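Engineer: In full-length UniProt numbering, the protein residues as written are 1 to 91.
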Amino acid sequence: MNADEVTRAFRSLKESGKVLYKTLEVLAKKKDTTLDAVLFSWHLFHPAQLVPVLGTNRPDRIRSATKAFQIQLEIEDWFRILEAGIGKRVP
1 MNADEVTRAF
11 RSLKESGKVL
21 YKTLEVLAKK
31 KDTTLDAVLF
41 SWHLFHPAQL
51 VPVLGTNRPD
61 RIRSATKAFQ
71 IQLEIEDWFR
81 ILEAGIGKRV
91 P
């Protein structure tokens with residue numbers, strides 16, 4: 001997913017969506033990867049052992065998603081994404 005596609009996906013969101021986008025953007029820069037790779041990595045690190053579904057046949061999107069397996073999210077980063085997504089702090 002290129003930057004324009006990600007921006008379009010978050011454009012219509014309210015403030016909470018913008019916070020999530022900014023959080024993903026910061027972590028993607030920190031990890032030197034893409035936003036969607038960070039998001040897929042978050043799903044892979046989820047304690048419920050979620051299995052993300054790509055929903056695409058585009059080779060560039062599939063290649064981008066595979067980057068998630070190379071990302072090691074710290075527990076603090078994982079919770080930062082969760083808190084940004086739900087819009088409140090987790091105790």
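Glycine included, each C-beta is placed from N, C-alpha and C at the ideal position. Note that the structure is predicted; figures quoted are calculated from it, not measured.
Per DSSP, what kind of secondary structure is E74 in: helix, strand or coil?
Structural biologist: It is coil, neither helix nor strand.
Engineer: Kindly list the residues whose CB is nearer than 8 angstroms to the CB of L54, restricted to its own chain and excluding five residues on each side of it in sequence; keep chain order.
Structural biologist: Closer than 8 angstroms at Cβ, skipping near neighbours: R61, I62, A65.
Engineer: Which same chain residues end up closer than 6 angstroms to F45 when comparing Cβ atoms and leaving out the 5 residues on each side of it in sequence?
Structural biologist: Taken in chain order, the residues that qualify are L73, W78.
Engineer: Taking the Cβ atom as the reference point for each residue, do residue 95 and I71 lie within a distance shorter than 8 angstroms?
Structural biologist: Here the chain has residues from 1 to 91 only, and residue 95 is not among them.
Engineer: Alpha carbon to alpha carbon, how far is I81 from P91?
Structural biologist: Near 14 angstroms, if we compare the C-alpha coordinates of P91 and I81.
Engineer: Verify whether the separation of the beta carbon atoms of H43 and L50 is less than 8 angstroms.
Structural biologist: Yes, the Cβ-Cβ distance between H43 and L50 is below 8 angstroms.
Engineer: Pull up the distance between the alpha-carbon of D32 and that of K67, whole angstroms please.
Structural biologist: Cα to Cα, the separation comes out at about 10 angstroms.
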